[in-house]
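In the UniProt record's numbering, the protein residues as written are 1 to 562.
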């Protein structure tokens, strides 16, 4: 009201507009998630109502067919309803048309499937009726698959993964509760739901990655999917079978509860890792504020009794300040100007990390502890830089200090291993460079140990929280960037020292094995481009002797080759 009659907008009006825009975005996000929640439930297992209906028809039980026909019709209506609901929240016009068309096909096919089941129930031995039912079954499953893919195309994968992760967490807790209460039936049904949701997550994410050119990002996401599919889920399924058999025996046998909880928690961890990998290429402004904390959804039920946290996370680091309990929360409440400066430093760190990825992704880490240690140090440094932006798994100052200690320990191991390589290398510029890089690693590890201990200062002035921690945050990021650069140089020099010089003395086996990672499978015959067919064959230039370091830097890892 105070701005009426004025041509220029006041600061209060600008703040009110920004606040309204933020609230509107939050409301839209919550509505979007509610719709995706319906999608997650409705499209979880689309074949069960149909299979039950067909089974009753094959048995010739017309009464059961009529009962299951009602269930099947409700299921079909639910699919159509949810599909239309998704269309109302999407701006993708072509995608919406596809969804509405597929939903219309489902709607028209439903009564025909029910009639085919009625015919089969009346004449269960008729071959014509059986073939008719099979034809409608295939048609229905095909149309449902088309509808599912169309809905997935106009659904934001970030929302889908967030909702799926929450559902899996709920189901994991239900499984644990059913195990504790000795209810084998609920345990089996809930575990089946977990398997279905996990499988759908893997399918949706794999389909999403088909939209990208092969790169480090897609490789990491697909690796996370593979871990969940090939390692985590078989173990979880086996633990569920053992538990169900033990509870179903007479008398019930004892089940290793901690082992089951750990297997269940790995499923949730696997889905969360997939989601984290998918969100890695998102800009800060594209991230849902609720998605920033990917580790906040742990509950006591999902942790084994032997591995439950008893660390510093229950400690209030700012007892005199209300609203802030951990150093990570303090970092998240820094002034916008400071956040922008931190983000600028993070961009420098990311550019250094790209160099790291290009170098390390070339090598197979089997039998190469240098690559293993380098990757381990990189992951910790990424967590520490995330901390400076108020996100990631590190919450307290003690977490950051412990992370810095882990980097120092890994740096010490890397130093010890690399010095053995240097000892076997004859006196050369490579050996001198390698030893110099090791000194840099020791220096930057020491810097990170120091900067990790500086906690952000929080003051409450006239009811407003003032957070100052820019210098410590930027120092931590710069130290991480410098350390990553030193690690990259060390890896390069170690390779040259290990392979390009004759070793001093007789060595039984190499300290590390430098083996290039196998390239991705490609078609045996590459289709020729028209311009390549007509290209002229030119005489090659004379081959020159090239420095091993230069040759190595020109090599592209399989994930980068397009």
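The beta-carbon is built from N, C-alpha and C at its ideal position, and this holds for glycine as well.
Taking the C-alpha atoms as reference points, what is the distance between residue i and residue j?
| i | j | result |
| --- | --- | --- |
| residue 391 | residue 399 | 13 Å |
| residue 242 | residue 48 | 25 Å |
| residue 203 | residue 267 | 16 Å |
| residue 405 | residue 449 | 7 Å |
| residue 338 | residue 217 | 29 Å |
| residue 383 | residue 328 | 11 Å |
| residue 196 | residue 232 | 14 Å |
| residue 280 | residue 84 | 31 Å |
| residue 265 | residue 354 | 32 Å |
| residue 424 | residue 260 | 48 Å |
| residue 430 | residue 169 | 52 Å |
| residue 393 | residue 494 | 32 Å |
| residue 123 | residue 52 | 17 Å |
| residue 66 | residue 145 | 25 Å |
| residue 436 | residue 212 | 40 Å |
| residue 117 | residue 139 | 14 Å |
| residue 238 | residue 209 | 29 Å |
| residue 187 | residue 252 | 14 Å |
| residue 15 | residue 358 | 44 Å |
| residue 112 | residue 81 | 19 Å |
Using the beta-carbon count (16 or more within 10 Å), is residue i buried or exposed?
| i | result |
| --- | --- |
| residue 310 | Model confidence at residue 310 stands at a pLDDT of 32, short of 50, so the residue's coordinates are unreliable and nothing is read from them. |
| residue 17 | exposed |
| residue 624 | Residue numbering for the chain in the displayed model covers 1 to 562; residue 624 lies beyond these limits and cannot be assessed. |
| residue 126 | exposed |
| residue 143 | buried |
| residue 26 | exposed |
| residue 345 | buried |
| residue 540 | Only weak support is given to the placement of residue 540: the predicted model assigns it a pLDDT of 38, under 50, and the question is left unresolved by the model. |
| residue 492 | buried |
| residue 224 | buried |
| residue 20 | exposed |
| residue 226 | exposed |
| residue 348 | exposed |
| residue 531 | Because the pLDDT at residue 531 is just 45, under 50, the model does not fix this residue reliably, and the value given afterwards should be weighed accordingly. Exposed. |
| residue 31 | exposed |
| residue 368 | buried |
| residue 377 | buried |
| residue 498 | buried |
| residue 352 | buried |
| residue 24 | exposed |
| residue 135 | exposed |
What is the residue span of the alpha helix (DSSP H) that residue i lies within?
| i | result |
| --- | --- |
| residue 215 | Careful: residue 215 lies outside any alpha helix (DSSP H) and carries neither H nor E. |
| residue 398 | 397-424 |
| residue 487 | 470-499 |
| residue 512 | Residue 512 -> no alpha helix (DSSP H), and no H or E assigned at all. |
| residue 140 | 127-153 |
| residue 324 | It is not in any alpha helix (DSSP H) - residue 324 carries neither H nor E in the DSSP assignment. |
| residue 111 | 93-122 |
| residue 81 | 62-88 |
| residue 242 | 233-248 |
| residue 349 | 336-360 |
| residue 203 | 184-209 |
| residue 516 | Element bounds for residue 516: n/a, residue is neither H nor E. |
| residue 173 | 157-181 |
| residue 383 | 369-387 |
| residue 47 | Here residue 47 belongs to no alpha helix (DSSP H), and DSSP marks it neither H nor E. |
Below 8 Å on the Cβ atoms is my guess for residue i versus residue j; work out the distance and round it to an integer in Å.
| i | j | result |
| --- | --- | --- |
| residue 274 | residue 221 | 7 Å |
| residue 121 | residue 61 | 7 Å |
| residue 110 | residue 100 | At roughly 16 Å, the Cβ-Cβ gap does not stay under 8 Å, so residue 110 and residue 100 are not in contact. |
| residue 152 | residue 207 | 7 Å |
| residue 147 | residue 178 | Contact flag wrong, Cβ pair sits at about 32 Å. |
| residue 418 | residue 443 | Not confirmed; about 15 Å, so no contact. |
Could you tell me whether the Cβ atoms of residue i and residue j are closer together than 8 Å?
| i | j | result |
| --- | --- | --- |
| residue 69 | residue 119 | no |
| residue 42 | residue 13 | no |
| residue 441 | residue 385 | no |
| residue 565 | residue 191 | Residue 565 lies beyond the range of the chain shown here (1 to 562); nothing can be said about it. |
| residue 333 | residue 470 | no |
| residue 246 | residue 255 | yes |
| residue 380 | residue 407 | yes |
| residue 420 | residue 511 | yes |
| residue 184 | residue 244 | yes |
| residue 395 | residue 326 | yes |
| residue 413 | residue 373 | yes |
| residue 331 | residue 389 | yes |
| residue 89 | residue 35 | yes |
| residue 137 | residue 50 | yes |
| residue 57 | residue 133 | yes |
| residue 92 | residue 154 | yes |
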